[in-house]
Amino acid sequence: LAWREKSKKHLNMTSFNIAQGIHAFDYHSRLNLIATAGINNKVCLWNPYVVSKPVGVLWGHSASVIAVQFFVERKQLFSFSKDKVLRLWDIQHQLSIQRIACSFPESQDFRCLFHFDEAHGRLFISFNNRLALLAIKSDASKRVKSHEKAVTCVLYNSILKQVISSDTGSTVSFWMIDTGQKIKQFTGCHGNAEISTMALDANETRLLTGSTDGTVKIWDFNGYCHHTLNVGQDGAVDISQILILKKTILVTGWERAITVFRPQNFNQFFIQPEEWKGGIQHHDDILCAAFLPPQTVVTGSYDGEIVLWNNSTESAHHVLHPDYQRLLKSKLDTKPQKLLSAGRSHSTDPVAEQSTMGVRNFEIDTEGKNAVTRLCFLKARKNTAVTGGANLVSCGGSGYVRFWDIYKKQLLAEFLAHSGAGTIIMSTDKMNRYLTTGDLDGWLKIWNIEEYCLNSSKNKITKAPTLIRSFQPHEDRISSLEMCEPGGQLLIISSSADCSICVTGVCNAPVWIFGQAKHWHIENYLFLPKRDTNLVESEIQKEISLFSKEESCLDPTEHSLLNKRNKDDSAYNVRPSEDTNLGIKYKERNTCMKETQKPYYGEVIKKSF
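First residue of the sequence shown: 1, per UniProt numbering; consecutive thereafter.
What follows is the structure in structure tokens.
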């Protein structure tokens with residue numbers, strides 16, 4: 001052992017004499033301890049200044065210890081032995097907390113490397129050419145659950161003042177937002193297949209659920225299914241969004257084309273998809289879509305492209321990308337393109353390559369760094385066509401949020417909202433004052449965008465808008481976000497793969513979990529933040545009443561899109577999950593995503609081999 005004392009140039013040397021030798025060691029600077037992995041099956045703890053004998057010996061391994069590493073924040077120690085047994089030790093009490101026997105390799109002749117990523121609670125152990133990953137998971141018994149399985153989507157019904165949630169177990173639950181009380185629950189909506197996304201029709205009298213079984217079902221709130229849309233053509237597909245317009249229902253997620261249904265043709269129970277006249281314009285799978293009245297539809301894909309469509313003619317006219325743009329010719333004089341093989345294909349469409357503007361050479365984004373997972377129009381900004389400024393927001397891969405002017409086909413701003421968090425999702429309120437973003441670690445951030453990108457600029461803005469609040473309401477990936485204003489009070493609803501649904505306010509309000517034992521009364525806690533760009537510094541808040549005394553009654557005969565009597569072109573977007581196999585599998589599309597947990601006391605380590 002060698003170290004340099006303060007104000008001295010030479011090194012002090014100390015020698016340790018350890019019987020039979022060691023395989024590895026680690027040093028804890030805060031505790032000033034050295035841990036050694038002994039050939040004699042022992043883990044010894046040493047004080048660097050006391051070399052005669054160890055200050056502690058950890059007994060328990062039945063074979064030579066080949067790796068040790070400190071868990072610094074917890075004052076704990078990992079050790080791994082030749083018989084492939086991992087132990088976690090409490091250093092202070094010198095006790096074994098947990099024992100895990102690894103399942104491979106089968107051979108006893110292997111070389112082991114050992115690394116613990118403390119920031120994310122991940123332990124990596126290599127066995128020759130194989131890698132084992134062990135992740136710290138919270139003890140489910142100590143966590144409040146809203147659902148028994150991972151929650152995939154959450155919606156808010158403004159008529160009933162209810163929150164609607166779905167999970168991977170094909171269950172839909174209904175909750176009162178003002179108290180958190182569960183009202184009812186539909187089980188087995190799609191058999192055993194998980195529900196990946198949901199949407200409400202324009203009048204909020206019908207619920208649409210999209211499932212991995214390749215169907216979208218249309219329900220009333222009594223649990224009766226009126227129609228089944230055969231989205232996947234009798235095959236399993238990954239539905240990420242359902243976009244409901246006045247005359248069409250658009251479904252996206254698993255291929256490069258838009259799947260369309262026309263409610264005026266819903267004259268039987270099973271409904272087949274119809275042709276989208278615009279054909280294929282994306283190079284990669286479409287993940288999301290948004291609508292801006294009277295006739296603009298935008299779709300975002302895994303490779304970062306955003307295609308602008310005319311909803312009336314169903315033709316595409318422009319493509320936006322952070323690194324380039326291209327103008328599409330009219331499709332009226334070309335033959336419709338047949339859908340290529342399902343899944344991610346990087347072959348090029350002739351129509352998509354037609355261009356009258358210079359297109360930069362670019363590489364296909366195979367890692368999803370530019371993947372567009374959410375698109376949101378800033379509809380409250382009424383005059384952007386004249387005054388300029390951003391009217392479209394996108395987010396997705398690498399944690400970036402981007403603001404676009406679709407009239408000038410220009411990227412006005414981009415900023416890193418979540419550093420190192422992989423893919424993110426977002427939502428905004430109806431007045432477009434606030435933007436909420438959520439990441440794979442369960443963190444939420446609330447931004448004030450009321451004065452952000454209101455004017456055009458030649459130079460791209462990279463400065464982020466004012467950050468109002470950053471907090472971690474969930475222990476796992478945030479799967480869905482919804483912002484609503486019951487009684488005029490702005491609320492943020494979030495769902496997560498940790499099986500919980502949370503609701504909170506904009507400024508430092510408590511975080512409630514649907515399903516907790518004690519019901520809440522939100523109006524007693526929440527305040528309306530001042531509409532001020534200096535909201536972070538301001539502590540002046542105005543208290544308002546959150547809910548009216550009486551609740552609106554729902555008339556089933558109200559005009560509904562699915563009853564063919566819509567009155568406007570409003571689009572209602574879904575906030576779907578991107579990956580619904582909790583902690584087990586990562587889909588190809590989500591290779592850019594990571595699943596992380598913040599370690600804390602009371603957790604256990606789960607194997608993932």
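Cβ coordinates follow ideal geometry from the N, Cα and C atoms, glycine included.
| Item | Value |
| --- | --- |
| Buried or exposed (CB count within 10 angstroms, at least 16 for buried), residue 451 | exposed |
| Cutoff 8 angstroms; reference residue 237; Cβ partners in own chain excluding five residues on either side | 212, 214, 231, 253, 254, 255, 342 |
| Length of the line joining the Cα atoms of residue 239 and residue 196 | 6 angstroms |
| C-alpha gap between residue 391 and residue 125, whole angstroms | 48 angstroms |
| CA nearest to the CA of residue 489, picked from 129, 115, 401, 525 | 525 |
| Residue 191 versus residue 170 - alpha carbon distance | 7 angstroms |
| DSSP state of residue 29 mapped onto helix, strand, coil | coil |
| Span separating the alpha-carbon of residue 14 from that of residue 47 | 11 angstroms |
| Residue 507 versus residue 206: straight-line alpha-carbon distance, rounded | 33 angstroms |
| Collapsed DSSP secondary structure at residue 20 in the structure displayed | coil |
| Residue environment, residue 95, which counts as buried when at least 16 other CB atoms sit within 10 Å | exposed |
| Pair within 8 angstroms by beta-carbon distance, residue 72 and residue 58 | no |
| Closer than 7 angstroms: residue 484 CB and nearest the ligand COA heavy atom | Although the ligand COA was asked about, the structure shown includes no ligands whatsoever. |
| Three-way DSSP call (helix, strand, coil) for residue 168 in this model | coil |
| Residue interval of the beta strand (DSSP E) (run including residue 307) | 306-310 |
| Host alpha helix (DSSP H) of residue 385 (start-end) | 384-387 |
| Run of the beta strand (DSSP E) containing residue 502, from where it starts to where it stops | 501-505 |
| Rounded separation between residue 471 and residue 443 - CA only | 6 angstroms |
| Top-ranked residue by Cα proximity to residue 81, from 53, 55, 39 | 39 |
| Supposed contact pair residue 162 and residue 172 - C-beta distance, whole angstroms, cut 8 angstroms | The pair is not a contact, with the Cβ atoms about 12 angstroms apart (cut-off 8 angstroms). |
| Chain C within 8 angstroms of residue 165, Cβ atoms only | Of the protein chains in this structure there is only one, and it is not chain C. |
| Residue 177, DSSP secondary structure in three states | coil |
| Where residue 495 falls, given that 16 or more other Cβ within 10 Å makes a residue buried | buried |
| Local conformation of residue 73 per DSSP, three classes | helix |
| The region 458-467 / the region 130-149 touching (three or more Cβ pairs under 8 angstroms) | no |
| Where residue 54 falls, given that 16 or more other Cβ within 10 Å makes a residue buried | buried |
| Collapsed DSSP secondary structure at residue 162 in the structure displayed | strand |
| Close beta carbons around residue 271, own chain, < 8 angstroms, minus the five adjacent residues each side | 227, 228, 229, 230, 261, 265 |
| Own chain, CB closer than 6 angstroms to residue 77, minus 5 neighbours either side, in chain order | 35, 70, 89, 91 |
| Integer-rounded CB distance, given that residue 301 should sit under 8 angstroms from residue 284 | 5 angstroms |
| C-alpha gap between residue 52 and residue 16, whole angstroms | 8 angstroms |
| Where residue 458 falls: helix, strand or coil (DSSP) | coil |
| Residue 220 versus residue 517: straight-line alpha-carbon distance, rounded | 29 angstroms |
| Through-space distance from residue 49 to residue 11, alpha-carbon basis | 14 angstroms |
| For residue 217, three-class secondary structure by DSSP | strand |
| Beta-carbon spacing of residue 449, residue 492 below 8 angstroms | no |
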